[in-house]
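Trainee: Take a look at this one; I'll ask things after.
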Amino acid sequence: MSRRQLILIAVLLLAACALPFLVSNYRTFQFTLALVYSIALLGLNLLTGYNGQISLGHGAFYAIGAYTAAILMDQYGMPYWATLPIAAVVCLVAGFLFGLPALRLEGLYLALATFALGVSLPSLLKYHHLEKWTGGVQGIVINKPEPPFGLPINADQWLYFFVLAVAVLMFVLAWNLLRGRIGRAMVAIRDQHIAAEAMGINTAMVKSLAFGVSAMYTGVAGALGAIAIQYVAPDSFNFFLSIVFLVGIVVGGLASISGAIYGALFIQFVPNIADEISRAAPWAIFGIFLLGFVYLMPMGVAGAVRAGLARLSRKAQNSHTGST
Amino acid sequence: MDAFLHQVLAGLATGGIYASLALALVMIYQATHLVNFAQGEMAMFATYFAWSLINAGMPYWPAFLLTVVFAFVLGVVIERIIIRPVENAPVLAIVVVFIALLVILNSVTGWIFSYTIKVFPSPFPAEPIFGKYITSHGGGAIGVTLVVLVLLYLFFRYTPLGLAMRAAAQNPDSARLVGIRVGWILALGWGLAAAVGGVAGMMVAPIVYLDPNMMGGVLLYAFAAALVGGIDNPAGAVFGGFLVGVLENVLGAFVIGNELKLAVALVLIIGVLVVRPSGFFGKVLVTRV
Amino acid sequence: MAAFLQVSKLHASYGPTRVLHGIDFAMDEGTITTLLGANGAGKTTTLRALCGMVKTQGEVKFAGERIDGKATEDVVRKGIAHVPDGRGTFVDLTTEENLRLGAYTRKDRAAVNGDLERVYGYFPRLKERREQQAGTLSGGEQQMLAVSRALMLRPRLMLLDEPSFGLAPLIVQELFGILRAVNQKEKVSMLVVEQNAAMALELADHAYLIETGRVVLSGTSDEIKRNDAVRRSYLGY
Numbered sequence: 330m331s332r333r334q335l336i337l338i339a340v341l342l343l344a345a346c347a348l349p350f351l352v353s354n355y356r357t358f359q360f361t362l363a364l365v366y367s368i369a370l371l372g373l374n375l376l377t378g379y380n381g382q383i384s385l386g387h388g389a390f391y392a393i394g395a396y397t398a399a400i401l402m403d404q405y406g407m408p409y410w411a412t413l414p415i416a417a418v419v420c421l422v423a424g425f426l427f428g429l430p431a432l433r434l435e436g437l438y439l440a441l442a443t444f445a446l447g448v449s450l451p452s453l454l455k456y457h458h459l460e461k462w463t464g465g466v467q468g469i470v471i472n473k474p475e476p477p478f479g480l481p482i483n484a485d486q487w488l489y490f491f492v493l494a495v496a497v498l499m500f501v502l503a504w505n506l507l508r509g510r511i512g513r514a515m516v517a518i519r520d521q522h523i524a525a526e527a528m529g530i531n532t533a534m535v536k537s538l539a540f541g542v543s544a545m546y547t548g549v550a551g552a553l554g555a556i557a558i559q560y561v562a563p564d565s566f567n568f569f570l571s572i573v574f575l576v577g578i579v580v581g582g583l584a585s586i587s588g589a590i591y592g593a594l595f596i597q598f599v600p601n602i603a604d605e606i607s608r609a610a611p612w613a614i615f616g617i618f619l620l621g622f623v624y625l626m627p628m629g630v631a632g633a634v635r636a637g638l639a640r641l642s643r644k645a646q647n648s649h650t651g652s653t
Numbered sequence: 511m512d513a514f515l516h517q518v519l520a521g522l523a524t525g526g527i528y529a530s531l532a533l534a535l536v537m538i539y540q541a542t543h544l545v546n547f548a549q550g551e552m553a554m555f556a557t558y559f560a561w562s563l564i565n566a567g568m569p570y571w572p573a574f575l576l577t578v579v580f581a582f583v584l585g586v587v588i589e590r591i592i593i594r595p596v597e598n599a600p601v602l603a604i605v606v607v608f609i610a611l612l613v614i615l616n617s618v619t620g621w622i623f624s625y626t627i628k629v630f631p632s633p634f635p636a637e638p639i640f641g642k643y644i645t646s647h648g649g650g651a652i653g654v655t656l657v658v659l660v661l662l663y664l665f666f667r668y669t670p671l672g673l674a675m676r677a678a679a680q681n682p683d684s685a686r687l688v689g690i691r692v693g694w695i696l697a698l699g700w701g702l703a704a705a706v707g708g709v710a711g712m713m714v715a716p717i718v719y720l721d722p723n724m725m726g727g728v729l730l731y732a733f734a735a736a737l738v739g740g741i742d743n744p745a746g747a748v749f750g751g752f753l754v755g756v757l758e759n760v761l762g763a764f765v766i767g768n769e770l771k772l773a774v775a776l777v778l779i780i781g782v783l784v785v786r787p788s789g790f791f792g793k794v795l796v797t798r799v
Numbered sequence: 025m026a027a028f029l030q031v032s033k034l035h036a037s038y039g040p041t042r043v044l045h046g047i048d049f050a051m052d053e054g055t056i057t058t059l060l061g062a063n064g065a066g067k068t069t070t071l072r073a074l075c076g077m078v079k080t081q082g083e084v085k086f087a088g089e090r091i092d093g094k095a096t097e098d099v100v101r102k103g104i105a106h107v108p109d110g111r112g113t114f115v116d117l118t119t120e121e122n123l124r125l126g127a128y129t130r131k132d133r134a135a136v137n138g139d140l141e142r143v144y145g146y147f148p149r150l151k152e153r154r155e156q157q158a159g160t161l162s163g164g165e166q167q168m169l170a171v172s173r174a175l176m177l178r179p180r181l182m183l184l185d186e187p188s189f190g191l192a193p194l195i196v197q198e199l200f201g202i203l204r205a206v207n208q209k210e211k212v213s214m215l216v217v218e219q220n221a222a223m224a225l226e227l228a229d230h231a232y233l234i235e236t237g238r239v240v241l242s243g244t245s246d247e248i249k250r251n252d253a254v255r256r257s258y259l260g261y
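Chains as they are written, first to last, in the working numbering: chain A, 330 to 653; chain B, 511 to 799; chain C, 25 to 261.
Here it is, written out as structure tokens:
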């Protein structure tokens, strides 16, 4: 990673840390949610953007993470930060297990299977035999975390920093993963499945792992989301949540880590704008954005940024070399 | 025994509806190798159109026919304007376009008609006329499904246009070589599929009540049905539809309770995809390496 | 006098790869012309270019009208029938359905039925198998089916891409005999691409030799047969 990129990231991190002291509590909360979504989108992007497996049901893993955290806090009195590793493991396993039968499915069929998962999950969450854990239709209410060690910040600000820290950790882990052997294997499988296998990559293992890791990320995001909103209920995790995630990675940019951030900002803040454009049909605006991006900007915002930067650096080079 | 028979027949009635929607899915799949995730919402939109006509005073059957035409035109327009630009795009782009379509149709319907649940009339009488084991609407729905299936079969088997559509679906290059305008034939296929979907919507609305989200579950069952029967086999889709309908009802009433019925569809879909992706009657696809 | 089919400076590409580098040739009405050349020379591409199946530059005139740039479906409606390599059979449809599709663009119902009988007259084996699924026919029968399907258009020009491919010599002789008969009785012009130079030169009146996307030799089939270079490279003696 170039020095310029490192400096840029440092600047962004500094700005991110300063943020909660510059804006209202409500705004801080919105940015906290945006960070949560960025982790979820990173998870989905790992699977779909880098490994080429389409998932229309990632809302399910978000829900599993959220419910895991809520149940642990509500029924077993666990502190909020302890629920994260457990939610991570639960979703890693769940994702891996779902990924195993999904191995034989490509493209549309996988989309179909994950679509089914996304559509049927709320009804599973409402199942009355599971009610004593899931709280049924009413869901579960949990407590807001308090800032530790008597730090001079309020609860919203503490939550923001907590999520920021987790997000930075998850992003660094992902970046590391993608740079290494497994990351390259994932991309190889996405681009040339058969050649990858012929080369000796254990595609079955990599693909299932990709599913597991992707689910883990989205599940951790779900746990964080539950902690931030202090409430989980089946209908918050319906099929439309999976669509929101899909919108996020398409708009943000597939196969791009920064895309997860652009996408998260989009899905957190645009619905408010969309609400103002069309009081009654904000989802239609989402849909139109989706179409617009597919037809006009298929590489997403991240791709556009990359292209723009490339053009700028070419111009800079040309003016440096001078013209005669 | 009574209750069982009742569930089986009710299952056949809803099964007919799943069969119709599954058939629409298979028709599009055969022609394009694409799964139309928005098929349910297109059907739902057409059903709302019917509702507005009936609400404005039009008698049922004229409204029904007009809606079928409307759905047909809707399908053609959607294919030409929204699907055509991404016909050869990567799978993810196509899936995203379908999902976008789903979301737009759902949202626009809610915007125009509001989300309050509406009653949709049935053309069949309230008293049971087919015996005590099945409602009139249930029996009527089976009848309508069968009529649609027969008409489609006759169309594809015995008309030149139907033949051209079969040819274009199987082998678009050769179809062009005999002068078939494959692009328009594709649009026609979408129109027909949308029309069939519209009929399914109008048959299911009296049962589940009309609301923008009514086709979500139905679409899932239709997917399961199409997969069970073989995603490229129309007769299989029909068989699958009736099978899924009966399974849903019988399992829901006697084994797992009504709440988990959607989970049945999920298990079926994953099960079929993993164990036998070509379904009962589909062609086993061998990909050449 | 303008030729029936006039091809000038035809270039064609598959994506960024240029395959034809300026093909020039012409055909008179009622004749059989063959395009010869080795694998990869660009013969199939030439036929596909005539039908609008690949991106082209240059001019193609058919009966005085320019057809370059037209979509395949429109070229067909001008009376050009293409029998593709691999035959392009609709394998899941019956033999007769395949034949009827050949007449898809025609409006004269009664004449189509008459043509069906005529085609069965040329190829009685197809009549025996009329209700059979076309994919179950043998290679030779599928080739006859492909030719018949093209005839059902009542074409003015037939393009045939390697009709002898994969067929036993006796079958090829039978097929070529029928092609000759159709050409003489019904004045259907034919452009035949072939790797089997010997049999093609027996059938055709004129020949063009194509190498790496260019015409390198042309003449009557007698002239070509006697050409030394051709004899050695393509006729094997």
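Glycine included, every Cβ here is placed at the ideal spot set by N, Cα and C.
Specify whether the region 559-568 of chain A and the region 349-363 of chain A touch according to this definition: at least 3 beta carbon pairs, one from each stretch, less than 8 angstroms apart.
Mentor: Flag = no, the region 559-568 of chain A and the region 349-363 of chain A do not touch.
Trainee: Taking Cβ positions only, does Phe733 (chain B) come closer than 9 angstroms to chain A?
Mentor: At least one chain A Cβ lies under 9 angstroms of Phe733 (chain B).
Trainee: At a CB distance below 7 angstroms, what residues from the region 682-706 of chain B approach chain C? Give them in sequence order.
Mentor: The region 682-706 of chain B vs chain C, Cβ under 7 angstroms: Asp683, Ser684, Arg686, Leu687, Val688, Gly689, Ile690 and Arg691.
Trainee: Quick check: the region 65-81 of chain C against the region 29-43 of chain C, are there 3 or more CB pairs under 8 angstroms?
Mentor: Yes, the region 65-81 of chain C touches the region 29-43 of chain C.
Trainee: How should Pro408 (chain A) be labelled, buried or exposed, when 16 other C-beta atoms within 10 angstroms of its C-beta is the threshold for buried?
Mentor: Per the 10 Å Cβ criterion, exposed.
Trainee: Could you check whether the Cβ of Arg612 (chain A) sits closer than 9 angstroms to any Cβ belonging to chain B?
Mentor: Per the sequence shown, the amino acid found at residue 612 (chain A) is Trp instead of Arg. Judged by the 9 angstroms Cβ criterion, Trp612 (chain A) is in contact with chain B.
Trainee: Please state if the CB of Met176 (chain C) and the CB of Leu199 (chain C) are separated by a distance shorter than 9 angstroms.
Mentor: No.
Trainee: Helix, strand or coil for Met457 (chain A) per DSSP?
Mentor: Checking the sequence shown, residue 457 (chain A) turns out to be His, not Met. Helix.
Trainee: Is Ala73 (chain C) near Leu34 (chain C), with beta carbons less than 9 angstroms apart?
Mentor: Result yes, Cβ atoms of Ala73 (chain C) and Leu34 (chain C) sit closer than 9 angstroms.
Trainee: Are any of the Cβ atoms in chain A nearer than 9 angstroms to that of Pro787 (chain B)?
Mentor: So, interface residue.
Trainee: With the cut-off set at 9 angstroms, would you say Thr547 (chain A) and Gly447 (chain A) are in Cβ contact?
Mentor: No.
Trainee: Taking Cβ positions, are Ser530 (chain B) and Gly653 (chain B) nearer each other than 9 angstroms?
Mentor: Contact: no.
Trainee: Should Trp410 (chain A) go down as buried or exposed, given a rule of 16 or more other Cβ atoms within 10 Å for buried?
Mentor: So Trp410 (chain A) ends up on the exposed side.
Trainee: In the structure shown, what three-state DSSP assignment does Tyr719 (chain B) receive?
Mentor: If DSSP states are grouped into helix, strand and coil, Tyr719 (chain B) belongs with coil.
Trainee: Output the distance between the C-alpha atoms of Ser632 (chain B) and Ala636 (chain A), rounded to the nearest integer angstrom.
Mentor: For Ser632 (chain B) and Ala636 (chain A), the distance between alpha carbons rounds to 57 angstroms.
Trainee: Short check: CB of Val602 (chain B) to CB of Leu570 (chain A), under 9 angstroms?
Mentor: Before going further, note that residue 602 (chain B) is Leu rather than Val in the sequence given. Not a contact, by the Cβ cut-off of 9 angstroms.
Trainee: I believe Tyr396 (chain A) touches Ala369 (chain A) by the beta-carbon criterion, under 8 angstroms. Please report the beta-carbon distance rounded to the nearest angstrom.
Mentor: Contact doesn't hold; Cβ gap of about 15 angstroms is too wide.
Trainee: Ignore the nearest five residues each way along the sequence and tell me which others in Phe791 (chain B)'s own chain have a CB closer than 8 angstroms to its CB.
Mentor: Result list for Phe791 (chain B): Gly739, Gly740, Asn743, Ala745, Gly746 and Phe749, in chain order.
Trainee: In this structure, how does DSSP classify Gly726 (chain B) when only helix, strand and coil are distinguished?
Mentor: DSSP places Gly726 (chain B) in helix when its eight states are reduced to three.
Trainee: Between which two residues does the alpha helix (DSSP H) harbouring Ala651 (chain B) extend?
Mentor: Start and end: Ser646 to Tyr668.
Trainee: Provide the residue span of the alpha helix (DSSP H) that contains Gln549 (chain B), from first to last.
Mentor: Its alpha helix (DSSP H) spans residues Gln549 to Asn565.
Trainee: Compute the distance between the beta-carbons of Tyr591 (chain A) and Val623 (chain A), then report whether it is under 9 angstroms.
Mentor: No.
Trainee: Rounded C-beta distance between Lys536 (chain A) and Ile518 (chain A)? I'm assuming under 8 angstroms.
Mentor: With a Cβ gap of about 6 angstroms, Lys536 (chain A) and Ile518 (chain A) count as contacting.
Trainee: Would the beta-carbon of Gly585 (chain B) fall within 9 angstroms of that of Gly701 (chain B)?
Mentor: Yes.
Trainee: Return the first residue and the last residue of the alpha helix (DSSP H) that Thr542 (chain B) is part of.
Mentor: Asp512 to Thr542 is the extent of the alpha helix (DSSP H) around Thr542 (chain B).
Trainee: With DSSP as the reference, label Thr626 (chain B) as helix, strand or coil.
Mentor: Of the three classes helix, strand and coil, the one that applies to Thr626 (chain B) here is coil, per DSSP.
Trainee: Exposed or buried, Gly245 (chain C), counting other C-beta atoms within 10 Å across all chains shown (16 or more means buried)?
Mentor: The question names Gly, yet the displayed sequence has Ser at residue 245 (chain C). So Ser245 (chain C) ends up on the buried side.
Trainee: Hey, is Met407 (chain A) close to the ligand ZN, as in C-beta under 8 angstroms from one of its heavy atoms?
Mentor: Because no ligand of any kind appears in the structure shown, any question about the ligand ZN cannot be addressed here.
Trainee: Expressed to the nearest angstrom, what Euclidean distance is found between the alpha-carbon atoms of Ser384 (chain A) and Leu619 (chain A)?
Mentor: Taking the straight line joining both Cα atoms gives about 16 angstroms.
Trainee: Going by DSSP in three states, Ala679 (chain B) sits in which element: helix, strand or coil?
Mentor: Of the three classes helix, strand and coil, the one that applies to Ala679 (chain B) here is helix, per DSSP.
Trainee: Which of the three DSSP states, helix, strand or coil, is assigned to Tyr643 (chain B)?
Mentor: Residue state, collapsed to three classes: coil.
Trainee: Using the C-alpha atoms, what's the distance from Asn380 (chain A) back to Leu625 (chain A)?
Mentor: Whole-angstrom Cα-Cα distance: 23 angstroms.
Trainee: Going along the region 445-456 of chain A in order, which residues come within less than 9 angstroms of chain B, judged by CB to CB distance?
Mentor: The region 445-456 of chain A vs chain B, Cβ under 9 angstroms: Ala445, Leu446, Val448, Ser449, Leu450, Pro451, Ser452, Leu453, Lys455 and Tyr456.
Trainee: Between the Cα of Lys642 (chain B) and those of B:Lys793, B:Ala513 and B:Arg786, spot the shortest distance and give me the residue it belongs to.
Mentor: It is B:Ala513 whose Cα lies nearest to the Cα of Lys642 (chain B).
Trainee: Where does Glu89 (chain C) land, buried or exposed, given buried means 16+ other C-beta within 10 angstroms?
Mentor: Glu89 (chain C) is exposed by the Cβ-count criterion.
Trainee: Would you mind stating whether Gly386 (chain A) and Val549 (chain A) have Cβ atoms separated by less than 9 angstroms?
Mentor: No, they are not a contact pair.
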